[in-house]
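Residue numbers (the numbering used here): 710 to 1225.
The C-beta atom is built at its ideal place from N, Cα and C for all residues, glycine as well.
This structure is a prediction, so every number in the text was calculated from the model and none was measured.
Following: one structure in structure tokens, then a few remarks.
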């Protein structure tokens, strides 16, 4: 059995070196364009060959993200960028747009293609559409049972640590509507981290599945991914060390989590931790803050002192959690039993001389103490194969003008109630789509299949379509589309949620004659 891969973020050279020097088996990174973290520093195209060489000499693979939706005007530049990524010797690219998969595999055969979590693969039917991919990256919204089912059919990677979105991967338009910037274009404005009605109602806790590592390895997952291309070097170092230590302990048949390393990771960044949807946890929102909190240090008592939950020393950073805000401060004075000291231990009661009312919570947010080093077995260097342009099949990627003229324009309406549906029919809509799962669905409607479905729900949807003898179907889920596309008696309409964004996407779906 191959050892599971530890995959770390590398938003710049410093993070790349931090990841590699602390135990990464692979790193994922982006160039300046076409990636879902355009706010990261990212790398210039002309330095990518140096990045790959640096990583390969140390036995570490490099995966490059091209995981946003591509406009028609960008397709030529996208493939020019992809060509340079290929020639640099990159081990794999990560894409969101599944319509590009077969073109890329045919044109750049020596490079793996991984399907991004942004594609939203949430059922096994979807796998038919990405059968030529080398790996799928599963959404964080899946349960352990759903992950196990998918990973049993295709090499799969999951996120084991880091930030979580409130919405579904690749399906969120909240940032576009509220901030004028799209997460599907790499520019999420993070509206989920903002305060609404006095609380952070949508701010998810950070994912941490460290305790589940044995279970995850045994279900066949091939890669454990850490989120964080815009995080600090301290975060990447701490995450790499903690998870490297945990994974190695499993293979030594002595699985354990190093508490000291975990505290370093908590201190580097955390919004509170949860196992999230993996374990179907209920308490997954960090409603008191959308920011990192650090380590809980204690609560100010009536006498102004604090009983320490963690060690502290002079020049440690702290967060003071006031009623309406969080203030930051540096510890400049510690008094223990009326004696000034340079440090104090967990369990001791001290005065740190800050302005805060009783019952105020204090968090430790930084320290000058040197982090713990770990030993790990280095990977063997990866041989760098020079790829030449002659090895690439000659293709010119040009967008042909698509004839979008139709003989008759049709009005399609999706409704949320039977009453609205009947009114839409009455006022002349050509097709009215109503959720196939609604109890009052009638044969006079076309069927709407929702965006998020598991295997059982797709099966139920097909049974209901057959029961009602429906021919016109608005499909919101690509797994459901994969299950229905071969039935030529059906008229399939792809909903906006499937992110058909350019003419290559249109060409991909046009090969199925029953698809609009």
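Residues near residue i in its chain [Cβ-Cβ closer than 6 Å; skip 5 each side]
i: residue 999; result: 902, 909, 912
i: residue 1050; result: 1043
i: residue 934; result: 716, 866, 868
i: residue 992; result: none
i: residue 1016; result: 1007, 1058
i: residue 1230; result: Residue 1230 lies beyond the stretch modelled for the chain, which goes from 710 to 1225, so this question has no answer here.
i: residue 1142; result: 1123, 1155, 1157, 1183
i: residue 1192; result: 834, 1167
i: residue 1181; result: 1140, 1155, 1200
i: residue 1185; result: 1158, 1159, 1160, 1204, 1206
i: residue 1179; result: 1156
i: residue 722; result: none
C-alpha gap between residue i and residue j, whole angstroms
i: residue 896; j: residue 945; result: 22 Å
i: residue 1224; j: residue 982; result: 43 Å
i: residue 774; j: residue 1151; result: 45 Å
i: residue 812; j: residue 1136; result: 44 Å
i: residue 1010; j: residue 978; result: 26 Å
i: residue 817; j: residue 1039; result: 53 Å
i: residue 925; j: residue 958; result: 14 Å
i: residue 1155; j: residue 1221; result: 19 Å
i: residue 713; j: residue 932; result: 5 Å
i: residue 1245; j: residue 874; result: Missing from the structure shown is residue 1245; the chain here goes from 710 to 1225 and no further.
i: residue 827; j: residue 1025; result: 39 Å
i: residue 1056; j: residue 1087; result: 39 Å
i: residue 1100; j: residue 857; result: Below a pLDDT of 50, predicted positions are generally treated as unreliable, and residue 1100, at 48, falls in that range; the measurement from the model is reported next regardless. Each residue's Cα considered, the two are about 38 Å apart.
i: residue 871; j: residue 994; result: 14 Å
i: residue 880; j: residue 739; result: 21 Å
i: residue 936; j: residue 860; result: 20 Å
i: residue 884; j: residue 891; result: 6 Å
i: residue 1001; j: residue 1177; result: 51 Å
i: residue 956; j: residue 1121; result: 52 Å
i: residue 888; j: residue 1205; result: 20 Å
i: residue 1013; j: residue 1047; result: 13 Å
i: residue 708; j: residue 1093; result: Nothing can be reported for residue 708, as the shown portion of the chain is limited to 710 through 1225.
i: residue 1117; j: residue 1195; result: 25 Å
i: residue 790; j: residue 733; result: 26 Å
i: residue 1147; j: residue 1190; result: 19 Å
i: residue 822; j: residue 802; result: 5 Å
Same chain, Cβ closer than 7 Å to residue i, neighbours up to 5 away in sequence not counted
i: residue 777; result: 743, 744, 745, 805, 893, 894, 895
i: residue 724; result: 718, 942, 945
i: residue 1108; result: Because the pLDDT of residue 1108 is 49, which lies under 50, any placement of that residue in the model is unreliable, and the question is left without a value.
i: residue 671; result: The structure shown does not extend to residue 671, since the chain is modelled only from 710 to 1225, so the question has no answer here.
i: residue 852; result: 986, 987, 989
i: residue 1105; result: Since pLDDT at residue 1105 reaches only 42, below the 50 mark, its modelled position is unreliable, and no value is offered.
i: residue 862; result: 833, 836
i: residue 1187; result: 835, 838, 1207
i: residue 1133; result: 1122, 1124, 1141
Contact set for residue i: own chain, Cβ-Cβ below 8 Å, skip 5 residues either direction
i: residue 996; result: 908, 909, 910, 912
i: residue 1218; result: 808, 1203, 1209, 1224
i: residue 1080; result: 943, 946, 947, 950, 973
i: residue 736; result: 716, 717, 718, 719, 725, 728, 729, 764, 769, 770, 771, 772
i: residue 919; result: 869, 870, 951, 952, 955, 966, 971
Unbroken beta strand (DSSP E) run spanning residue i, endpoints
i: residue 911; result: Careful: residue 911 lies outside any beta strand (DSSP E) and carries neither H nor E.
i: residue 1140; result: 1140-1144
i: residue 771; result: 770-775
i: residue 1258; result: The question about residue 1258 has no answer here: the residues shown for the chain are numbered 710 through 1225.
i: residue 1218; result: Note, residue 1218: premise wrong, no beta strand (DSSP E); alpha helix (DSSP H) at 1212-1219.
i: residue 1008; result: 1004-1008
i: residue 1027; result: 1026-1030
i: residue 1121; result: 1121-1123
i: residue 917; result: 915-917
i: residue 738; result: 735-739
First through last residue of the alpha helix (DSSP H) which encompasses residue i
i: residue 714; result: It is not in any alpha helix (DSSP H) - residue 714 instead sits in the beta strand (DSSP E) that spans 714-718.
i: residue 968; result: 968-977
i: residue 955; result: 942-960
i: residue 729; result: 722-730
i: residue 903; result: Taken as a continuous stretch (DSSP letters only), residue 903 belongs to no alpha helix (DSSP H), as it is neither H nor E.
i: residue 764; result: 757-766
i: residue 934; result: Taken as a continuous stretch (DSSP letters only), residue 934 belongs to no alpha helix (DSSP H), being part of the beta strand (DSSP E) at 932-935.
i: residue 1133; result: 1127-1135
i: residue 927; result: 922-927
Restricting to runs no shorter than 3 residues, where is the beta strand (DSSP E) found entirely within the region 1039-1101?
1043-1045, 1048-1050, 1070-1075
Mind listing, in chain order, the continuous beta strand (DSSP E) runs of no fewer than 3 residues lying wholly within the region 778-806?
801-804
Looking at C-beta atoms only, is the number of pairs between the region 746-765 and the region 804-814 that lie closer than 8 Å three or more?
no
Does the region 829-836 come within contact of the region 912-927, defined as at least 3 CB pairs closer than 8 Å?
no
Can you check the region 809-885 for any beta strand (DSSP E) of at least 3 residues that lies completely inside it and give the ranges in chain order?
821-824, 844-846, 865-871
Using a Cβ distance threshold of 8 Å, determine whether the region 1170-1178 contacts the region 844-853, with at least three qualifying pairs required.
no
Below 8 Å, can you find three or more Cβ-Cβ pairs linking the region 1021-1036 to the region 1060-1069?
yes
What residue ranges within the region 1149-1200 form continuous alpha helix (DSSP H) runs of no fewer than 4 residues, ordered along the chain?
1164-1177, 1187-1193
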